[in-house]
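The listed protein sequences correspond, in order, to chains A and B. Counting in the numbering used here, the first sequence runs from 1 upward without gaps. Counting in the numbering used here, the second sequence runs from 1 upward without gaps. Ideal Cβ positions, reconstructed from N, Cα and C, are used throughout, including at glycine. Small disclaimer: the values here were computed from a predicted structure and weren't measured. Notes to accompany the following structure.
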Amino acid sequence: MTTVKAIINGLPVEVPEGTTILEAAKQVSVKIPALCKHPDLHPTAACGICIVRIKATGRTLRACCTPLEHGMEVITHDPEIVAVRRGIVELMMSKHPNECLTCARNQNCELQTMCADFNIEKSDLDSIVPDLPLDESTKAVSLDPRKCISCGRCIQVCQEMQNVWALCFMERGIETRIAPAGDISLAESPCVKCGQCSAHCPTGAITEYDEAPTVWQKLMDPELHCVVQIAPAVRVAIGEAFGFPVGTNLTGKLYAALRRMGFKAVFDTNFGADLTILEEAHEFVERFAHGKSELPLITSCCPAWVDFMEKYHADMIPHFSTCKSPHEMVGALAKTYYAQQAKIDPQRIFMVSIMPCTAKKFEIQRSEDMRSSGYQDVDVSITTRELARMIKQAGIDLRSIPEEQPDHMLGAYSGAGTIFGTTGGVMEAALRTAYKLVTGANPPRPDFTVTRGLKGVKEGRIEIAGKEVRIAVAHGLGNVESVLERVRAAKQKGETPPWHFIEVMACPGGCVGGGGQPYGATDELRVKRAQGLYQEDTAGLWRCSHDNPYIQKVYADFLGHPLSEKAHHLLHTHYIPRPVYQR
Amino acid sequence: MAATAPADVPAIAKKWKDKRGSLIMALHDLQGRYGYVPRDAALELGKLMGVPLARIYEVTTFYNFFKLEAPGKHIISVCMGTACYLKGAPELVARLSEKLGIKAGETTPDKQFHLQQVRCIGCCGLAPVVTVNEKVLAKVKPAEIVDQVYACAKGA
């Protein structure tokens with residue numbers, strides 16, 4: 001590897017050729033501020049805050065997109081540079097509403113932090129906040145274009161990372177705004193509600209659609225029996241909002257906090273994940289070993305992926321697992337099985353899902369199948385970020401609260417259920433049960449590590465009873481289409497499919513990197529969150545979904561067997577093409 | 001007024017598809033055909049050229065040249081180049097705006113007039129200049145602009 005030697009602020013640095021000045025400066029403990037650059041995204045040099053001076057020429061260049069050159073002498077901070085940065089921040093402020101106290105990003109905003117760092121106490125610039133309407137049409141993400149600083153992160157995320165193309169820059173210069181193409185709402189656009197725009201936005205311009213007030217209101221209603229479930233990825237990320245090390249698993253503390261908030265029963269989406277695996281593994285084995293309907297089978301747990309598929313790849317519907325997502329399964333069972341067992345009128349049950357995801361807010365009403373219990377199976381879905389705020393509002397000290405257990409009926413789970421929260425986890429969990437179904441025994445080693453890690457598309461071959469199972473795992477919607485193209489090409493030529501089983505999650509890293517997770521996710525954090533889940537997997541009582549005795553019990557007492565008529569009614573769904581416009 | 005049925009779109013797409021950086025030229029052709037860039041024609045063009053609609057809107061809203069709505073029957077262009085500006089062009093825009101009830105860049109509800117500001121049209125000696133369709137009005141006085149525009153429209 002060729003390296004370059006240079007000087008930053010008088011300190012010698014040596015970095016691989018091609019390293020930007022911004023990255024190189026970190027080596028000598030120098031932080032160059034920037035508002036547009038994000039570790040997930042390539043630099044666009046939009047904000048201009050990262051300017052630095054090249055000593056030899058006196059020129060200023062943007063550190064985010066300028067590679068360090070051999071022998072270069074760089075100055076990152078001097079009074080003039082700081083004054084320019086201040087000026088840029090001041091200009092941004094002049095176009096930004098002064099609403100920090102009532103903003104969802106209060107105390108968690110990159111622009112606010114920048115203003116604080118530069119200590120801009122007053123500005124002589126006139127305020128010219130654009131008069132643009134709030135777009136809450138998706139009821140999943142909220143777009144407040146007035147708060148946009150035109151950094152372009154959401155655009156790059158939506159267009160390049162996710163390949164959705166719902167958002168674009170409209171107009172130019174000072175009129176520039178973020179919006180769907182033309183004068184339409186986000187709900188009318190190709191938006192799949194993944195919320196990655198909100199997770200990458202440095203300000204409050206794009207946030208989750210806040211439903212915490214509804215949850216509080218329902219918790220106060222004496223007529224209602226409020227129950228709750230938490231998704232796998234929530235437990236290893238929420239700690240970041242309370243100062244825990246990244247990846248700390250707070251499951252027991254969350255159960256306790258939710259009970260204190262007033263929930264009558266605390267369930268776990270991981271139970272639903274185990275149930276999903278039982279259904280989906282049977283579905284897979286029917287297709288794989290018994291030749292019923294087409295291969296590959298494609299996973300369907302991710303609502304943004306389902307929406308993307310229905311909008312753009314409806315020809316894949318026959319390949320889609322009909323399994324509902326885990327939280328929908330728990331919702332359906334809460335209002336049937338649990339209601340019967342606990343002798344509660346299902347009409348009084350109010351089910352809240354806590355998800356790492358903004359698309360789940362959309363999913364709970366995506367079709368009539370989401371009312372399989374006779375009621376809306378999940379009443380409200382809130383994100384990890386909303387729950388973190390609610391815990392703070394409730395005055396609960398998460399650090400010291402003792403751990404509790406879930407309500408096991410719909411709360412006990414296996415390690416296979418917990419790894420659903422990371423890319424590859426659904427595949428790994430399904431393979432464990434598929435192995436058992438085909439061979440009659442658990443896999444000798446339940447770790448199918450080929451599914452793990454952050455590579456955009458992971459491929460592998462697994463042998464089950466002498467037969468090869470070819471799998472693919474994709475995460476980040478931008479990685480999906482190459483996979484689907486290969487499936488299509490093989491179909492057209494009448495060849496055997498390139499894979500038998502495909503897992504897709506819309507967000508990079510899977511749900512641990514979900515659009516509703518605490519801000520600031522990077523690959524480094526995603527890996528640590530995933531490690532938290534893998535640790536729980538190996539530490540648990542059961543590694544395989546089918547070994548979870550509460551899953552066995554729900555089949556014995558209520559559902560019959562996987563893919564039974566009752567299971568089909570409550571746990572499965574349908575897909576229809578929903579073309580908006582072809583991007 | 002041209003209907004928005006994108007009958008000509010395939011031909012335009014075919015002409016420009018394989019040429020690098022040709023989106024703007026294709027959009028020029030589209031606007032030449034319809035007088036503006038209709039949304040469904042843009043969609044069809046995007047599909048045929050493999051360009052997302054979001055990218056097309058980024059281009060069409062970036063450049064003032066492109067129109068997203070059907071312009072009026074009579075296009076009034078007020079030159080806002082330096083000479084015309086100093087000779088009173090803003091007053092002309094204000095008078096027309098008031099009379100027609102629209103801002104610059106808009107079209108009257110009856111689709112008769114479209115008012116737009118343009119940069120220098122290259123005859124500064126005649127400032128301030130207004131064009132109505134192809135007709136050039138020179139050294140226009142604020143008090144006379146409305147009548148002159150109506151006269152042009154009648155004669156057209």
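Nearest Cα to B:G21 within the set B:K103, B:K141 and B:I56: B:I56.
Using a Cβ-Cβ cut-off of 9 Å, A:W165 is close to P52, L53, A54 and R55 of chain B, given in chain order.
Cβ neighbours of A:P498 within its own chain (closer than 6 Å, five residues either side excluded): R486 and A490. Here B:A127 carries a coil assignment [DSSP, helix/strand/coil]. Per DSSP, B:L137 is one residue of the beta strand (DSSP E) stretching across K135 to L137.
The Cβ of B:T61 sits closer than 9 Å to at least one Cβ of chain A. At a cut-off of 9 Å, the C-beta of B:L100 has no neighbouring C-beta in chain A. Close partners of A:G182 in chain B (Cβ separation under 7 Å): R39 and Y57. Within the same chain, and ignoring the five residues on either side of B:P52 in sequence, the residues whose Cβ sits closer than 7 Å to its Cβ are G46. In this structure, A:A304 and A:A359 form a Cβ contact; the two beta carbons are roughly 4 Å apart against a cut-off of 8 Å.
Among the CB atoms of chain B, none fall inside 9 Å of the CB of A:Y312.
Only those residues of the segment 335-346 of chain A whose C-beta falls short of 8 Å from the nearest C-beta of chain B would be listed, and there are none. As summarised for the segment 286-356 of chain A, the continuous beta strand (DSSP E) elements at least 3 residues long and confined to that stretch are 349-355, given in chain order. In terms of CA proximity to A:D315, A:Q492 leads the group A:H561, A:L41 and A:Q492. Collapsing the DSSP output to three states places A:A472 in a strand.
Per the C-alpha coordinates, the member of B:G122, B:E134 and B:V78 positioned closest to B:I145 is B:V78. Counting only runs of at least 3 residues, the segment 444-498 of chain A fully encloses the following beta strand (DSSP E) elements, listed from N- to C-terminal order: 457-464 and 467-475. Here A:A273 is buried. Its C-beta has 16 or more other C-beta atoms within 10 Å. One Cα belongs to A:C226, the other to A:W216, and the distance between them is close to 10 Å. For A:G560, same chain residues with a beta-carbon under 8 Å away, outside a window of 5 residues either side, are K566 and A567 in chain order. According to the DSSP assignment, A:Q229 belongs to the beta strand (DSSP E) that extends over H225 to I230. Of the residues A:I349, A:H572, A:S29 and A:A416, the one whose Cα lies closest to the Cα of A:E223 is A:I349. For the segment 18-45 of chain B, residues whose beta-carbon sits nearer than 7 Å to a beta-carbon of chain A comprise R39 and L43. Nearest to A:T451 by C-alpha distance, out of A:K467, A:V426 and A:Y209, is A:V426.
Here A:E110 is buried: its Cβ has 16 or more other Cβ atoms, across all protein chains shown, within 10 Å. A direct Cα-to-Cα measurement between A:H77 and A:K455 gives close to 37 Å. Chain order gives the chain B residues near A:E171 as T61 and F62, where near means a beta carbon separation below 8 Å.
With fewer than 16 other Cβ atoms inside 10 Å of its own Cβ, A:I576 counts as exposed. Counting only the Cα atoms, B:R119 lies some 28 Å from A:S94.
Taking 7 Å as the upper bound on Cβ-Cβ separation, chain B lies near residues Q159 of the segment 149-162 of chain A.
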